[in-house]
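A.B. asks: Under this note's numbering, the first residue of the sequence shown is numbered 1, with each subsequent residue one higher.
Every residue gets a Cβ at the ideal spot worked out from N, C-alpha and C, and that includes glycine.
What follows is a single structure, and I will ask about it in a moment.
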Amino acid sequence: MFAVHLLAFYFTKLKEDQIKKVDRFLYHMRLSDETLLDIMARFQAEMQKGLGKDTNPTASVKMLPTFVRAIPDGSENGEFLSLDLGGSKFRVLKVQVSEEGKRNVQMESQFYPTPNEIIRGNGTELFEYVADCLADFMKTKELTQKKLPLGLTFSFPCKQTKLEEGILLSWTKKFKARGVLGTDVVSSLTNAMKRHQQDLDVDILALVNDTVGTMMTCAYDDPYCEVGVIIGTGTNACYMEDMSNIDLVEGDEGRMCINTEWGAFGDDGALEDIRTEFDRELDLGSLNPGKQLFEKMISGLYLGELVRLILLKMAKAGLLFGGEKSSALHIKGKIETRHVAAMERYKEGLANTREILTDLGLEPSDADCIAVQHVCTIVSFRSANLCAAALAAILTRLRENKKLVRLRTTVGMDGTLYKIHPQYPKRLHKVVRKLVPNCDVRFLLSESGSTKGAAMVTAVASRVQAQRKQIDKVLALFRLTQEQLVGVRNKMRVEFEYGLKKDTHPRATVKMLPTYVCGMPDGTEKGKFLALDLGGTNFRVLLVKIRSGRRSVRMYNKIFAIPLEIMQGTGEELFDHIVQCIADFLDYMGLKGAQLPLGFTFSFPCRQASIDKGTLIEWTKGFKATDCEGEDVVDMLREAIKRRNEFDLDIVAVVNDTVGTMMTCGYEDSNCEVGLIAGTGSNMCYMEEMRNIELVEGDEGKMCINTEWGGFGDNGCLDDIQTQYDKEVDEGSLNPGKQRYEKMTSGMYLGEIVRQILIDLTKQGLLFRGHISERLQTRGIFETKFLSQIESDRLALLQVRRILQQLGLDSTCEDSIVVKEVCGAVSRRAAQLYGAGLAAIVEKRREDQGLEHVRITVGVDGTLYKLHPHFSRILRETVKELAPQCDVMFMLSEDGSGKGAALITAVAKRLQQAQREH
Ligand code: BG6
Ligand code: BG6
Ligand code: GLC
Ligand code: GLC
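Quick look at the structure:
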């Protein structure tokens, strides 16, 4: 009895002594609670640094956005392939996620080896090997006939700008294949799969880190799971961060999973105070010295080695094995994590330790075994402590993001060290709970690895891909081929001839109206003129003072509103309103009673028999006043002035806005022979040889033709490129069946086309969560200026979203991207169609003059041209492509067409006087 007590005493004493000895030796490895709190605070700061746009480039903890935005909601389904590369084992899997929302997942998998010569060889060979394994799997599982989406779990730090891409930032752990750094892993694997074209029909839809896969796997079973931690070969964690805190990704609603890559914590020196000589030695002997310093203190690939280095040093110092060192103890990697785990087992631990040490060629005493076991404990405890500190920082961040006093959450866990080490999980959990007492944490082990989660991500990606295809299909309708554009150009050219010829003119849809403007201003014009500018976005009354000789013009103008009920009321009301505005303006300018010559820019198709007569053929754009069509608008204006009986005006000229614009620009550049409006409406005028104008007598000189090309297509010749959306816009307009080209190109209609597309996409469930709001059903919400703003390159997504929200559209960032694309497709087609039309006219002018090459200036005006960020460029490019022999210069009319109208009036006045004098 006494002997037993004595023995027990002896043993306790022995143990105490050994433990004290080791504790003393490894004093630096034992971290106090204060130190852990300090490390936790440091990691919090690191996370912040990694998330900030300016600080990220120098941050060692990279906080990589993963483009995984939500945890599984149970609606995922389908059959997927999965690869799991980067942990201790490489696996290929087939995952079947159940339909009917039953949360049922079936997996079939196969392990493949990863020999060092492959994972540290040539990158191309690595991916070819992976593709070979996949092909083999497909064959064995008889899957070769199927086209399956694939999710790739790739457990290395990758920079992602979308889910299906990952630029490798660095190799970690055991991998070091050449030529892969800085390249996209997904495309490399896709390329490698091409060699198996017959057997492999696979689309890689998602690349996920193993932490993300783990989090998603666990979240499938526990929706509270919002963190994923790996403590395996390597160590790392991911968690759901608020989008508003992620500077590197546009958008601020919802959350996105961040792969922290915490393994690199300390790479900038932040942990030097706690690193020991053993950590430094281990690092020097690793594949990536100076890198992943936190990981090297924690993860499975390194723990055994740390123990070995410590034992070696202790033996050298005579503290172990009687100073004896076996040769095996000198060999790198001889002690593995599984050994550490075995030595720390409760009951068999000591026996295991003896066996392991003996296998290393040592002859350990009881004391040695106790000491070695304690070394293991200190090393693995430090590992768990460090993990706990970093995890506590993440949990605190989550709690603060949610502004909660207490956080209830679940952490998904995986990794061999965590799974096989007998004490590790308990220690980790305990320390975490101590460090963050205000978090109720559930630790959930991912039994099925990270693939189930990867399959969830792939399922969502495949749904998004299918939706993307639907959106692309719609956008493709607006993409015109070169051939189609040439077709449009040629048809327009035919229509020009039709309009000019006497026989065909009555049936022509492009009316080619003679304007009786026969020359450009010559600089001798002078005097004071009034001008009206009606038909664009704004109605203006102007006073224009032209000084002769100096080509200088002074203008005073006032914008007046024309209420909708007047635009669409009676003709008398409209003209009375115009006269009212003139009266106000004269009053405002102190010109009451002055009898000035007036030029009337009237931007609608008018048949003219002279410069001061214009019969409105039909209203276009937003006007629909009754009793005007078929009437002379000059007469109507005169009568309205008479009705008012306050002042008299000498109406000298009525001009289309295209003509006014051409004149405004022609005053500065005599090469300007074309006037173009890309505004509310769409139209073009140009100087034509008199001999080609069959409707007007005489063959000498030139006359300006107002083409009214807006009516192009009204005979059905554009039906092949018209979309259902164009038809809808046409049907909802004031003039169905009319002005079809205008309706595909001008500001008043582009927004409407966009709106129709958005309604359709929403109906298909591809936008605005499938909800068609009242706003979206409101005609005219997308004015040209909004389109222009939305498409501006300088605008961040958030600003686009704000514009949409101002328009009353409750749009997510995702929605905003789609809306922007839709706007882009519609405005691009418009600019190209304009280009095709313009190419037709400049080519005609070139041919008519019998020239090989021609230089033409086009005077342009209109809000679409002026405000839209890309319109003018695409227009220019298209003209260049479709009329390569013409040098077309575009000149923006800064002063509007009022100036041109005044100049035309001045010329007409001069001619009138000359006639009278004769
Ligand atoms: C596995 C996961 O269960 O754990 C892998 O499926 C992950 O994706 C691995 O990389 C991590 O642990 P270890 O110990 O294999 O590196
Ligand atoms: C103005 C001209 O600058 O542009 C008008 O003065 C013309 O005559 C108008 O109608 C066209 O652009 P929008 O965009 O106002 O229709
Ligand atoms: C390494 C990798 C990281 C991975 C971790 C666990 O730290 O860099 O991406 O998640 O190992 O496998
Ligand atoms: C409409 C009008 C046309 C005008 C154009 C631009 O197409 O019919 O006359 O030039 O709009 O304002």
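Evaluate Phe111 with the Cβ neighbour count: other Cβ atoms within 10 Å of its Cβ, from every protein chain shown; 16 or more gives buried, anything less gives exposed.
C.D. replies: Here residue 111 refers to the residue found at position 111 of the sequence shown. Looking at its Cβ environment, which holds fewer than 16 other Cβ atoms inside 10 Å, Phe111 is exposed.
A.B. asks: If Val579 and Ile641 are in contact, beta carbons under 8 Å, what's the gap, nearest whole angstrom?
C.D. replies: On the sequence shown, residue 579 is found 579 positions in, with the first residue counted as 1. On the sequence shown, residue 641 is found 641 positions in, with the first residue counted as 1. Going by Cβ atoms, the distance from Val579 to Ile641 rounds to 6 Å, so yes, they are a contact pair.
A.B. asks: Shorter than 6 Å, the distance from the beta carbon of Thr416 to the closest heavy atom of ligand 1, or not?
C.D. replies: Taking the sequence shown and counting its residues from 1, one reaches residue 416 at position 416. Yes, the Cβ of Thr416 comes within 6 Å of a heavy atom of ligand 1.
A.B. asks: Around the C-beta of Tyr10, are 16 or more other C-beta atoms found within 10 angstroms, so that it is buried, or is it exposed?
C.D. replies: Against the sequence shown, residue 10 aligns to sequence position 10. The residue is exposed, with fewer than 16 neighbouring Cβ atoms inside 10 Å.
A.B. asks: Flag this pair as yes or no: are the beta carbons of Gly519 and Thr664 separated by less than 7 Å?
C.D. replies: Translated into positions along the sequence shown, residue 519 becomes position 519. Translated into positions along the sequence shown, residue 664 becomes position 664. No, the pair does not count as a contact, with Cβ atoms beyond the cut-off.
A.B. asks: Mapping the DSSP letters down to three states, classify Glu253 as helix, strand or coil.
C.D. replies: Along the sequence shown, read from residue 1 onward, the residue named residue 253 stands at position 253. Residue state, collapsed to three classes: coil.
A.B. asks: For Lys785, tell me which candidate among Ala796, Arg769, Leu804 and Thr153 has the shortest Cα-Cα distance.
C.D. replies: Walking along the sequence shown from the start, residue 785 turns up at place 785. Out of Ala796, Arg769, Leu804 and Thr153, Leu804 has the C-alpha closest to the C-alpha of Lys785.
A.B. asks: Between Ala831 and the rest of its own chain, which residues show a CB-CB distance below 6 Å, the 5 nearest in sequence each way excluded?
C.D. replies: Along the sequence shown, one-based indexing puts residue 831 at 831. Contacts found: Phe871, Ile874 and Leu875.
A.B. asks: Please go through the same chain and pick out, in chain order, the residues whose beta-carbon is closer than 7 Å to the beta-carbon of Arg638, but skip the five residues on each side of it.
C.D. replies: Position 638 of the sequence shown, counted from the start, is the residue given in the question as residue 638. Excluding sequence neighbours, Arg638 sits near Ile651.
A.B. asks: Out of Ala390, Met107, Lys162 and Arg828, point me to the one whose CA is closest to Ser448's CA.
C.D. replies: Against the sequence shown, residue 448 aligns to sequence position 448. It is Met107 whose Cα lies nearest to the Cα of Ser448.
A.B. asks: Measuring CA to CA, which of Gly487, Pro157 and Gly323 is closest to Ala264?
C.D. replies: Translated into positions along the sequence shown, residue 264 becomes position 264. Checking every option, the nearest Cα to that of Ala264 belongs to Pro157.
A.B. asks: Looking only at its own chain, which residues have a Cβ that is under 8 Å from the Cβ of Met891, when we skip the five neighbours before and after it?
C.D. replies: As a first step, residue 891 must be located in the sequence shown, where it is residue number 891. The residues are Cys665, Glu668, Asp669, Cys672, Thr857, Val858, Gly859 and Val860.
A.B. asks: Once you ignore the five residues that flank Met256 on each side, which residues in its own chain have a CB closer than 8 Å to its CB?
C.D. replies: Along the sequence shown, one-based indexing puts residue 256 at 256. Hits under 8 Å: Pro65, Thr66, Phe67, Val68, Arg69, Met240, Glu241, Met243, Ile246 and Val249.
A.B. asks: Would you grab the beta carbon distance between Gln739 and Gly716 for me? Rounded to a whole angstrom, and I think it's under 8 Å.
C.D. replies: If you number the sequence shown from 1, residue 739 lands on position 739. If you number the sequence shown from 1, residue 716 lands on position 716. Not a contact, Cβ separation roughly 14 Å.
A.B. asks: Thinking C-alpha only, which one of Asn706, Glu752, Cys704 and Thr707 is nearest Lys727?
C.D. replies: Looking up residue 727 in the sequence shown gives position 727. Closest by alpha carbon: Glu752.
A.B. asks: Quick one: does the C-beta of Asp657 sit closer than 6 Å to a heavy atom of ligand 4?
C.D. replies: Residue mapping note: residue 657 aligns to position 657 of the sequence shown, counting from 1. Asp657: yes, Cβ under 6 Å from ligand 4.
A.B. asks: Does the region 295 to 314 touch the region 51 to 64, meaning 3 or more C-beta pairs lie closer than 8 Å?
C.D. replies: no
A.B. asks: With DSSP as the reference, please indicate the residues paired to Cys886 in a beta bridge.
C.D. replies: Translated into positions along the sequence shown, residue 886 becomes position 886. Paired residues: Val854.
A.B. asks: So Thr172 packs on Asn288, CB below 8 Å; how close in whole Å?
C.D. replies: Looking up residue 172 in the sequence shown gives position 172. Looking up residue 288 in the sequence shown gives position 288. Yes, Thr172 and Asn288 are in contact; Cβ-Cβ is about 7 Å, under 8 Å.
A.B. asks: What does the alpha-carbon distance come out to for the pair Arg775 and Leu809?
C.D. replies: Within the sequence shown, numbered from 1, the residue matching residue 775 stands at position 775. Within the sequence shown, numbered from 1, the residue matching residue 809 stands at position 809. About 7 Å.
A.B. asks: Pop quiz: Val655 and Val517 are said to be a contact at Cβ under 8 Å. What is the actual Cβ separation, rounded to whole angstroms?
C.D. replies: As a working note, residue 655 is residue 655 in the sequence shown. As a working note, residue 517 is residue 517 in the sequence shown. Val655 to Val517, Cβ: 7 Å. Contact.
A.B. asks: For a test of the three-state rule: what should DSSP assign to Asp279, helix, strand or coil?
C.D. replies: Residue numbering aside, residue 279 sits at position 279 when the sequence shown is read from its first letter. DSSP places Asp279 in helix when its eight states are reduced to three.
A.B. asks: Taking 8 Å as the threshold, find out whether the region 38 to 55 comes into contact with the region 344 to 351 through three or more Cβ pairs.
C.D. replies: These segments do not touch.
A.B. asks: Is it true that the CB of Thr658 sits closer than 7 Å to the CB of Thr747?
C.D. replies: Position 747 of the sequence shown, counted from the first residue, corresponds to residue 747. Position 658 of the sequence shown, counted from the first residue, corresponds to residue 658. Here the sequence assigns Gly to residue 747, which means Thr is not the residue at that position. It is not a contact, given that the beta carbons lie outside the stated cut-off.
A.B. asks: Could you check if Gly675 is buried or exposed, using at least 16 other CB atoms within 10 Å of its CB as the buried criterion?
C.D. replies: Residue 675 sits at position 675 when you count from the first residue of the sequence shown. Its Cβ being crowded by 16 or more others within 10 Å, Gly675 is buried.
A.B. asks: So does Ser603 have its beta carbon nearer than 6 Å to some heavy atom of ligand 4?
C.D. replies: Here residue 603 refers to the residue found at position 603 of the sequence shown. At least one heavy atom of ligand 4 is nearer than 6 Å to the Cβ of Ser603, so yes.
A.B. asks: Among Leu319, Gln777, Asp283 and Gly290, which residue has its Cα nearest to the Cα of Glu305?
C.D. replies: Residue mapping note: residue 305 aligns to position 305 of the sequence shown, counting from 1. For the residues Leu319, Gln777, Asp283 and Gly290, the minimum Cα distance to Glu305 belongs to Asp283.
A.B. asks: When you compare each of Ile562, Ser897 and Leu143 to Leu200 by their alpha carbons, which one comes out closest?
C.D. replies: Within the sequence shown, numbered from 1, the residue matching residue 200 stands at position 200. Taking only the C-alpha atoms, the option nearest Leu200 is Leu143.
A.B. asks: Give the straight-line distance between the Cα atoms of Leu807 and Ala836, rounded to the nearest whole angstrom.
C.D. replies: Along the sequence shown, one-based indexing puts residue 807 at 807. Along the sequence shown, one-based indexing puts residue 836 at 836. Taking the straight line from one Cα to the other gives about 33 Å.
A.B. asks: Quick test of your reading: Leu181 and Ser188, contact by CB under 8 Å. State the CB separation rounded to the nearest angstrom.
C.D. replies: For the purposes of this step, residue 181 is taken as residue 181 along the sequence shown, with counting starting at 1. For the purposes of this step, residue 188 is taken as residue 188 along the sequence shown, with counting starting at 1. The beta-carbon distance between Leu181 and Ser188, rounded to whole angstroms, is 11 Å. This is too long to meet the 8 Å contact definition.
A.B. asks: Given a cut-off of 7 Å on the beta-carbon distance, is the pair Cys225 and Gly412 in contact?
C.D. replies: Looking up residue 225 in the sequence shown gives position 225. Looking up residue 412 in the sequence shown gives position 412. Cβ distance < 7 Å, so Cys225 and Gly412 count as in contact.
A.B. asks: If you draw a straight line from the C-alpha of Ser32 to the C-alpha of Thr214, how long is it?
C.D. replies: Looking up residue 32 in the sequence shown gives position 32. Looking up residue 214 in the sequence shown gives position 214. Rounded to the nearest angstrom, the two C-alpha atoms are 30 Å apart.
A.B. asks: Enumerate in chain order the residues of its own chain whose CB-to-CB distance from Val822 is below 6 Å, with the five nearest sequence positions on each side excluded.
C.D. replies: Walking along the sequence shown from the start, residue 822 turns up at place 822. Here the set comprises Val754 and Ile757.
A.B. asks: Can you find the residues in the same chain that come closer than 8 Å, C-beta to C-beta, to His421, ignoring five residues on each side of it along the sequence?
C.D. replies: Position 421 of the sequence shown holds residue 421. Only Thr337, Val340, Ala341, Glu344 and Ser380 meet the Cβ criterion.
A.B. asks: Terminal residues of the continuous beta strand (DSSP E) containing Phe529?
C.D. replies: On the sequence shown, position 529 is the one that residue 529 refers to. First-last of the beta strand (DSSP E) with Phe529: Gly527 to Leu534.
A.B. asks: Would Ala476 be called buried (16 or more neighbouring beta carbons within 10 Å of its own) or exposed?
C.D. replies: Counted from its first residue, the sequence shown places residue 476 at position 476. Counting Cβ neighbours within 10 Å, Ala476 comes out exposed, since fewer than 16 surround it.
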